[in-house]
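Step one of this worksheet: look at the structure below.
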Amino acid sequence: MDSEYSERLNECIADHRGPGLGTFLWDLGRYTYRCLIVLDQIGRISHGRSELEHTGSDMGLHIRITADSADIEDYLGGSRDNSVPFAEFRSAVERLWVGVYRGIEADPPERAFRPDLPVGQADLLRWEEATGRRHPYRGRIEGIPAAGPE
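Have a look at this one:
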């Protein structure tokens with residue numbers, strides 16, 4: 006990850022440096038595909054299609070997401086345990102996605118899957134192919150268009 010991208014990522018999580026959430030966002034921000042997974046979980050909770058979702062990070066965190074909150078558990082020691090309101094969690098992840106999408110497109114990594122597309126859109130297609138369904142954020146947020154790419 007280059008320093009310019011790291012700076013963009015820091016800007017996206019600047020308001021969320023408290024225990025747990027900032028660490029989770031930093032880790033999540035390294036991967037557009039994982040951002041899409043968490044946005045899907047948020048979408049399912051928001052639209053009442055799920056009451057409980059679980060996610061985690063490579064940095065020893067487990068996150069339990071409900072319509073009320075995102076409860077963060079630090080399974081490496083407890084110092085980053087935290088609970089944030091669902092609306093704050095959703096807003097933070099949405100803001101992160103936009104920053105990650107913009108940042109990664111400025112200096113895209115080499116990749117094998119659909120190198121003709123922007124990274125975020127290639128990962129969106131890959132996610133939709135893997136799940137067999139349309140992403141719930143289609144047309145609702147920058148970088149996830151209502152239609153296309155094909």
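Count along the sequence shown starting at 1, add 5, and that's the number in our numbering.
Think of the CB as a built atom: it goes at the ideal place given N, C-alpha and C, for glycine as much as any other residue.
Taken in chain order, the complete beta strand (DSSP E) segments of 3 residues or longer contained in the stretch 67 to 153 are 74 to 79, 87 to 90. Counting only the Cα atoms, Glu133 lies some 6 Å from Arg139. Inter-residue distance for Ile77 and Ser96 is about 16 Å (C-alpha atoms, whole angstroms). Membership of Gly61 in the beta strand (DSSP E) is indicated by the continuous run 58 to 61.
Taking the C-beta atoms as reference points, Leu41 is found nearer than 8 Å to Leu129. Trp102 is positioned such that its CB atom lies no closer than 8 Å to that of Leu57. Taken atom to atom, the span from the alpha-carbon of Ile109 to that of Glu99 is near 15 Å.
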